[in-house]
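Heads up: the structure comes next, in structure tokens.
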Amino acid sequence: DSSSLNDTNPYNRLKIIQEIKKMHQDANKRGKIVGRVIDEKKKWLDWSQYLQVVEHLRKEQMRDSKYACGKTKNEKARALAQQRYLICAIFACIPDRQRTIRELQVGKTLRMMDHETAADDFEFSYDVPYDYTWIIQHGSDDYKTGKAYGERPPLELDAYFYPELEEFIDKNRHFLEPEKGNNFLFVNKHGRPMTKHGIWHVVSKATYDIKGKRMNPHLLRDSIVTYFRNTNATEKEHEALALYMGHSVEMQKQSYDRRTQVQKVAPAVGLIRSVFNAHK
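To convert, note that position 74 of the sequence shown is 76 in this note's numbering; the numbers rise steadily by one, no gaps.
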């Protein structure tokens, strides 16, 4: 724990280590006061705007096999377009870290859960027009905060894009010519596993091409938290969202909520005014 200076680990008793920890703590405190330094307006999209990007990508990959200029798309180009849509669509229903999408493997972290054979204590969160649900399943070693939170609850994919997902798995991924031994669902144009920067590039280019803003996977997490913090969602729902995203409610408030101070105090202003008006 980097916040503790009284660690029993001898390494943490070194003067230089203690000084570095103090500097880190001080920097975090100052950051909470002064806010973000980088102007993110140039790349920020509200969550509703990001969902518009995803819908645009869905329609784009469903179009006939022609480019806008009239040239015919080959199978690889169509597969890349479908992969781009799927990556962004998965982020839309599971706003997780890029590692989750980058390391998806069918049958391991990406599984088709049959409703009839599912464990008795497994409850699907919504009705789907299928007798199965695609889920992402993480053990404690499969995500960043796994040591703190252990095995995660199943992360359900929206049935809206099952047809594209299954077509990609069964047919179109093949056209990307994945290298032998590459079992990850998504691959780059050379058939190799996607890198962190590869996933960031897919999201950034898609949002820039469609909305003129270069969002990235981490900002998507900020965006959805900020969106729901601006709604009438209950604390129980915020807690559920934090658990679903693999972090604490406190982390959600400190690191992901990008509302301005004015936006944060607005409910209090409205509450005080309502009391004041009631006693006029």
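Even for Gly, the Cβ is constructed at its ideal location relative to N, Cα and C.
In this model, T102 and I19 are separated by some 32 Å (Cα to Cα). By the criterion of a C-beta distance shorter than 7 Å, V108 is surrounded in its chain by I171 and L187, once the five residues flanking it on both sides are discounted.
Residue environment: M64 is assigned as exposed (fewer than 16 neighbouring CB atoms within 10 Å of its CB, all protein chains considered). Judged by pairs of C-beta atoms under 8 Å, the region 216 to 223 touches the region 89 to 98, as three or more such pairs exist. Between D133 and H117, the gap from beta carbon to beta carbon is short of 8 Å. Across the structure, V227 and W46 are spaced so that their CA atoms are roughly 13 Å apart.
Membership of Y87 in the alpha helix (DSSP H) is indicated by the continuous run E77 to C95.
Contiguous beta strand (DSSP E) elements confined to the region 132 to 212 occur at 134 to 138, taking only those with 3 or more residues.
One thing to note: A83 has its Cβ no nearer than 8 Å to the Cβ of R175. Counting only the Cα atoms, E168 lies some 12 Å from Y162. Taking the C-beta atoms as reference points, R86 is found no nearer than 8 Å to A242. When the alpha-carbon of E166 is set against those of W49, R154 and L59, the nearest one is in L59. Per the coordinates, the alpha-carbon of K215 lies some 36 Å from the alpha-carbon of K24. Among the bridge pairs identified by DSSP, M114 is matched with W136. Distances from the alpha-carbon of L159 to those of E179, H140, W136 and E153 put W136 closest. The DSSP-derived three-state label of V130 is coil. Under the DSSP assignment, M64 falls in the alpha helix (DSSP H) whose first and last residues are W49 to M64. Q139 places its beta carbon less than 8 Å from that of R113. Between the C-alpha atoms of P180 and M115 there is a straight-line separation of about 26 Å. Counting along the chain, M247 sits inside the alpha helix (DSSP H) bounded by residues E237 to M247. Pairing L157 with Y246, the inter-Cα distance amounts to about 7 Å. Counted as a single uninterrupted DSSP element, the stretch harbouring T233 is not any alpha helix (DSSP H), since DSSP gives it neither H nor E. Between the C-alpha atoms of I89 and K198 there is a straight-line separation of about 13 Å. For K213 against V55, the beta-carbon gap comes to about 6 Å, under 8 Å, which counts as contact. Classified as exposed, I22 has fewer than 16 neighbouring CB atoms from the shown chains inside 10 Å of its CB. For the pair I201 and Q51, the CB atoms are not nearer than the 8 Å cut-off.
Of the residues E237, N232, E239 and Y210, the one whose Cα lies closest to the Cα of K44 is Y210.
Its chain contains N174 and F177 as the residues whose beta carbon lies nearer than 8 Å to that of E77, once the 5 sequence neighbours on both sides are disregarded; these appear in chain order.
At least 8 Å separates the beta-carbon of S206 from that of D48.
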